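Chemist: Sending over a structure as structure tokens; questions will come in a sec.
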Amino acid sequence: MIKKNNIAKNVSVLAVSTILLIVFFGNILKSPNNVFFAKGGDGLKSTFGSYYHLQYDSTYWHTNCMNYPLGESVFFTGNQPVIINVLKVLQTFGIDASNNLTAILNVWLLLSMVLGAFFMYLLLKKLNLPWIYALIVANIIIFMSPQLGRLGGHFNLAYLYLIPLFLYLLKLFYDKPSYKISFLIAILSFVALFTHAYFLAFYSFWLFFLLIYYYFNEKENPASIIKLILFFTIQIILPFIIFSLLTNSYPSDRCVFPWGFFQTRAFPESVFLPIGKPYGKFLHFSYLKWEGMAYVGLVSTIVFLFIVYKYFKFKKNNILRCYKLTDNNFLNALFIGAFLALLVSFAYPFEWGLEWMLKYTGPFRQFRAIGRFSWLFYYTINIISFYLIWNYYKKNKNTLSKLILVVALLWSGYDTWLNVKDKESSINHRFVHLEDINNKLPENRWINNINIKEYQAILTFPFFHIGSEVYWIDSQGEAVKNTFIVSWKTGLPIIPVMLSRTSLSQTMNTLALYFEPLEKYSILNKYNNKNILLLKENNTKLNNNENRFVNYALMIDSNKYYSVYKLPVDSIKKLNSDYRNRLIDTANDPSLFRKDNFLVSDTNMSFIYYSHENVLPDYKHLFYLKGHAKKTNCIIETNLFDDTDTITISFWMKNLNKDLIPRSELRLKAQDKDGNWRQIFGTTIFRMVKFVSKDGWGLVEFDYKPQKNNERIRIEVLNKLVVSGEFGFDDILIKKTHTDIYYKTDSFVYKNNRYVKK
1 MIKKNNIAKN
11 VSVLAVSTIL
21 LIVFFGNILK
31 SPNNVFFAKG
41 GDGLKSTFGS
51 YYHLQYDSTY
61 WHTNCMNYPL
71 GESVFFTGNQ
81 PVIINVLKVL
91 QTFGIDASNN
101 LTAILNVWLL
111 LSMVLGAFFM
121 YLLLKKLNLP
131 WIYALIVANI
141 IIFMSPQLGR
151 LGGHFNLAYL
161 YLIPLFLYLL
171 KLFYDKPSYK
181 ISFLIAILSF
191 VALFTHAYFL
201 AFYSFWLFFL
211 LIYYYFNEKE
221 NPASIIKLIL
231 FFTIQIILPF
241 IIFSLLTNSY
251 PSDRCVFPWG
261 FFQTRAFPES
271 VFLPIGKPYG
281 KFLHFSYLKW
291 EGMAYVGLVS
301 TIVFLFIVYK
311 YFKFKKNNIL
321 RCYKLTDNNF
331 LNALFIGAFL
341 ALLVSFAYPF
351 EWGLEWMLKY
361 TGPFRQFRAI
371 GRFSWLFYYT
381 INIISFYLIW
391 NYYKKNKNTL
401 SKLILVVALL
411 WSGYDTWLNV
421 KDKESSINHR
431 FVHLEDINNK
441 LPENRWINNI
451 NIKEYQAILT
461 FPFFHIGSEV
471 YWIDSQGEAV
481 KNTFIVSWKT
491 GLPIIPVMLS
501 RTSLSQTMNT
511 LALYFEPLEK
521 YSILNKYNNK
531 NILLLKENNT
541 KLNNNENRFV
551 NYALMIDSNK
561 YYSVYKLPVD
571 SIKKLNSDYR
581 NRLIDTANDP
591 SLFRKDNFLV
601 SDTNMSFIYY
611 SHENVLPDYK
621 HLFYLKGHAK
631 KTNCIIETNL
641 FDDTDTITIS
651 FWMKNLNKDL
661 IPRSELRLKA
671 QDKDGNWRQI
681 FGTTIFRMVK
691 FVSKDGWGLV
701 EFDYKPQKNN
711 ERIRIEVLNK
721 LVVSGEFGFD
731 DILIKKTHTD
741 IYYKTDSFVY
751 KNNRYVKK
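For the sequence shown, position 651 (counting from the first letter as 1) is numbered 651 according to our numbering, and the numbering increases by one without interruption.
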């Protein structure tokens with residue numbers, strides 16, 4: 001009878017959560033296969049990559065959707081490899097779900113709320129809370145979760161069952177540590193890691209401090225340190241080892257320090273204050289980051305303040321008592337890990353003037369969006385809050401305790417409604433061009449008029465390369481979206497990249513197509529003889545190199561969004577050789593004037609050339625100015641010309657094919673009338689790179705308009721990210737923008753700081 005009663009209660013929980021899901025997301029559920037949760041960015045990338053992996057990739061762990069011709073591990077794509085690979089297995093049995101994949105992904109994401117509420121309910125029941133109360137609280141915690149904010153893009157982080165399920169299994173483990181439960185947690189950790197690495201980090205944080213707490217507090221059921229270490233190894237380290245073995249064949253030259261650690265942190269205000277809520281309209285903090293928004297709700301904020309009060313009250317009398325917030329050791333252990341994770345999400349202690357310490361934290365630096373660690377606190381403090389509120393009511397059962405209980409549930413329900421009420425409209429997007437399966441729309445009609453088999457990949461201009469964390473070339477307009485749509489329909493892989501932690505060596509090979517063609521394109525050796533399908537976004541400005549590609553291509557079609565071209569590989573090779581040959585030819589122009597050791601296009605032109613030890617230009621850069629990567633390096637300080645015409649400043653920099661170096665800071669300072677240096681211009685080196693040679697020397701170039709005649713300037717370069725290392729600079733050239741400078745030898749030609757070997 002008891003078992004049947006429990007089944008009925010469990011079904012009731014699933015039913016209530018499903019009803020709530022229909023209430024808040026019913027319009028999407030009516031037609032899930034035509035809805036995209038994101039209209040661009042990471043969300044569209046995830047859906048596209050998932051579809052490509054299911055429909056076009058032949059392997060489980062590798063995808064060719066982008067980074068052609070090398071492809072990438074599915075774990076660095078933002079795709080959803082767990083569910084997609086399950087569907088790929090079903091394909092081998094003749095069950096093809098690719099035409100309904102969007103619906104499957106959407107519904108599974110939404111159903112994760114129902115599963116999350118169910119596992120949260122099971123956890124609350126394990127904490128001896130009554131089932132009706134547990135049902136209500138479970139749905140409050142899930143539908144108020146900051147994870148719902150990831151439905152608009154970071155889909156792998158939006159699976160709301162992964163944290164509640166882990167906490168439920170962790171509770172079972174804490175009550176009775178066993179190898180059986182440890183292996184169940186290991187399986188979950190494996191799935192979670194395949195979904196997103198942050199989940200394993202969350203699990204590790206909670207488990208590590210829970211095991212420490214268990215060792216010192218559970219005297220009735222003790223466990224040795226060795227046994228606890230073994231449990232941690234099974235639950236966390238073993239899944240990580242398996243994951244590492246599966247990805248071991250992929251390049252390891254990935255960025256060790258991704259951008260965003262301090263830019264994505266949480267703040268106390270983003271966790272405890274109702275930012276953006278009707279009752280918090282008066283709160284305005286411009287420095288808050290979206291990644292760090294994890295409001296715990298007004299009820300849990302009040303409970304936390306009460307906990308802080310108790311801490312300081314009992315700290316003087318009993319140091320041990322202040323660490324036991326509840327009568328439940330599991331919750332106490334959970335809170336310690338969650339609270340420390342909260343401090344990490346605030347970037348403590350690094351934010352306290354200790355930024356330099358971050359360089360020495362090893363793999364921890366990979367977790368750049370540290371604001372997400374506040375999620376541990378969100379779940380923990382809400383569980384503890386409602387646990388304490390119920391036990392206070394159960395102990396007293398007076399008017400005050402009843403009032404607190406009712407108000408807490410009602411207000412938390414209100415906070416939940418505020419969190420979820422607008423989510424459906426924000427993730428309900430349509431793509432009519434993808435719904436046009438038969439390509440009848442004007443924008444798609446050209447696809448039926450070409451032979452896809454004649455093409456090997458898609459090249460898009462404006463070019464984009466996002467994800468290496470070393471070079472960052474943003475897309476313009478709707479270039480990424482249109483590229484994804486064309487690839488979705490044709491199955492052609494994409495040359496540009498929008499991935500995560502792309503191999504640096506592979507990045508440099510691909511970026512050669514974006515840089516000036518001063519060397520042969522080595523990446524073409526990996527291409528076959530088929531054509532490239534070139535997409536040019538209309539109504540956007542291309543740079544000179546991108547226009548060169550378009551000029552060597554044959555137009556196929558054009559619509560209001562983009563133009564389509566056929567680009568033979570031989571044409572790319574010809575483009576490359578023509579550019580270098582033309583540069584050599586211009587150096588032989590008899591109208592050039594000799595000035596010192598150089599040739600110039602204007603006899604009245606002044607320019608400044610500086611190299612270490614006054615060596616003349618040499619593409620080998622055997623003698624160069626050396627600097628220290630951690631320090632501010634002044635590479636030149638000089639007076640400019642006797643006018644304010646726009647000038648072009650360029651120099652060669654060493655190791656621009658290495659990690660972190662391209663993210664060095666470039667500063668131009670000018671001296672005022674009082675002799676003080678003022679920064680006029682500042683940027684990141686990679687934004688100014690025009691070319692990087694195979695040996696890592698890169699050309700940095702930018703324009704500057706002096707503010708006065710004979711202005712004195714200095715150019716500085718520094719890097720705050722590296723632990724140590726050497727900078728190298730050579731061939732510093734300052735010239736008028738519209739004039740040319742040449743230098744010739746028997747082996748190479750030098751034009752405006754560009755080298756071409758003969």
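Beta carbons are placed, not taken as given, at the ideal position from N, Cα and C, and that holds for glycine.
None of these values were measured; they are calculated from a predicted model.
Could you tell me the alpha carbon to alpha carbon distance between residue 699 and residue 516, rounded to whole angstroms?
Modeler: 10 Å
Chemist: Given a cut-off of 8 Å, decide if residue 376 and residue 347 are closer than it, judged by their beta-carbon atoms.
Modeler: no
Chemist: On the DSSP bridge assignment, give the partners of residue 684 in chain order.
Modeler: 665
Chemist: Give the list of continuous beta strand (DSSP E) stretches no shorter than 3 residues that lie fully inside the stretch 415-481.
Modeler: 455-461
Chemist: Look up residue 88 in the DSSP assignment and say whether it is helix, strand or coil.
Modeler: helix
Chemist: How many whole angstroms separate the CB atoms of residue 506 and residue 251, which I take to be in contact at a CB cut-off of 8 Å?
Modeler: 6 Å
Chemist: So the beta strand (DSSP E) residue 633 belongs to, where does it begin and stop?
Modeler: 633-639
Chemist: Just tell me which of 537, 402, 427 and 386 has its CA closest to the CA of residue 38.
Modeler: Of the candidates 537, 402, 427 and 386, the one whose C-alpha sits nearest the C-alpha of residue 38 is 427.
Chemist: Going by beta-carbon coordinates alone, are residue 88 and residue 60 separated by less than 8 Å?
Modeler: Taking 8 Å as the cut-off, the Cβ atoms of residue 88 and residue 60 count as close.
Chemist: With three or more C-beta pairs closer than 8 Å as the rule, is the stretch 618-635 touching the stretch 720-732?
Modeler: yes
Chemist: Considering residue 116, what are the terminal residues of the alpha helix (DSSP H) in which it resides?
Modeler: 101-126
Chemist: Please classify residue 306: does DSSP put it in a helix, a strand, or coil?
Modeler: helix
Chemist: Within 8 Å, do at least three Cβ pairs link the stretch 24-38 to the stretch 414-428?
Modeler: These segments touch.
Chemist: Quick one: is residue 31 buried, meaning 16 or more other Cβ sit within 10 Å of its Cβ, or exposed?
Modeler: It is exposed - the Cβ of residue 31 has fewer than 16 other Cβ atoms within 10 Å.
Chemist: Is it buried or exposed for residue 290, if we count other Cβ within 10 angstroms and need 16 for buried?
Modeler: Under this definition residue 290 is an exposed residue.
Chemist: For residue 558, write down the residues that DSSP places opposite it in a beta bridge.
Modeler: 563
Chemist: Quick one: residues in its chain with C-beta nearer than 7 Å to the C-beta of residue 709, no 5 flanking neighbours on either side, listed in chain order?
Modeler: 642, 643 and 644
Chemist: Can you tell me the Cα-Cα spacing of residue 67 and residue 28, whole angstroms?
Modeler: 33 Å
Chemist: For residue 372, report the span of its alpha helix (DSSP H) as first-last.
Modeler: Segment: none, residue 372 is in no alpha helix (DSSP H) and carries neither H nor E.
Chemist: State the beta-bridge partners of residue 677 as determined by DSSP.
Modeler: 671
Chemist: Provide the residue(s) that pair with residue 627 in DSSP beta bridges, ordered along the chain.
Modeler: Residue 627 is bridged by DSSP to 727.
Chemist: Which same chain residues, not among the five before or five after residue 567, have their C-beta less than 8 Å away from its C-beta?
Modeler: 459, 531, 532, 533, 534, 549, 552, 553 and 554
Chemist: Express the C-alpha separation of residue 385 and residue 309 in angstroms, rounding to a whole number.
Modeler: 14 Å
Chemist: Measure the beta-carbon distance from residue 651 to residue 635 and round it to whole angstroms, keeping in mind my assumption that it falls under 8 Å.
Modeler: 6 Å
Chemist: Taking residue 131 as part of the alpha helix (DSSP H), name the residues at either end of that continuous run.
Modeler: 131-143
Chemist: Just grab the DSSP bridge partners of residue 743 for me.
Modeler: 750
Chemist: Would you call the CB atoms of residue 764 and residue 649 closer than 8 Å?
Modeler: It is not possible to answer for residue 764, since the shown part of the chain is limited to 1 through 758.
Chemist: Can you check DSSP and say which residues form a bridge with residue 648?
Modeler: 703 and 735
Chemist: Run the CB neighbour count on residue 224, radius 10 Å, all protein chains shown included, and call it buried at 16 or more, exposed below.
Modeler: exposed
Chemist: Taking Cβ positions, are residue 51 and residue 17 nearer each other than 8 Å?
Modeler: no
Chemist: For residue 419, which residues from the same chain have a beta carbon less than 7 Å from its beta carbon, with the 5 sequence-adjacent residues on both sides left out?
Modeler: 143, 144 and 148.
Chemist: Which partner residues does residue 609 have in the DSSP bridge list?
Modeler: 733
Chemist: With 16 other CB atoms within 10 Å as the buried threshold, where does residue 294 fall?
Modeler: buried
Chemist: Considering only residues of the same chain and omitting the five flanking positions on each side of residue 204, which have a CB-CB separation below 8 Å?
Modeler: 236
Chemist: Within 10 angstroms of the Cβ of residue 465, are there 16 or more other Cβ atoms? Answer buried if so, exposed if not.
Modeler: buried
Chemist: At what residue ranges does the stretch 520-594 contain a whole run of the beta strand (DSSP E), taking only runs of 3 or more?
Modeler: If you keep only unbroken beta strand (DSSP E) runs of at least 3 residues inside the stretch 520-594, you get 531-537, 554-558 and 562-567.
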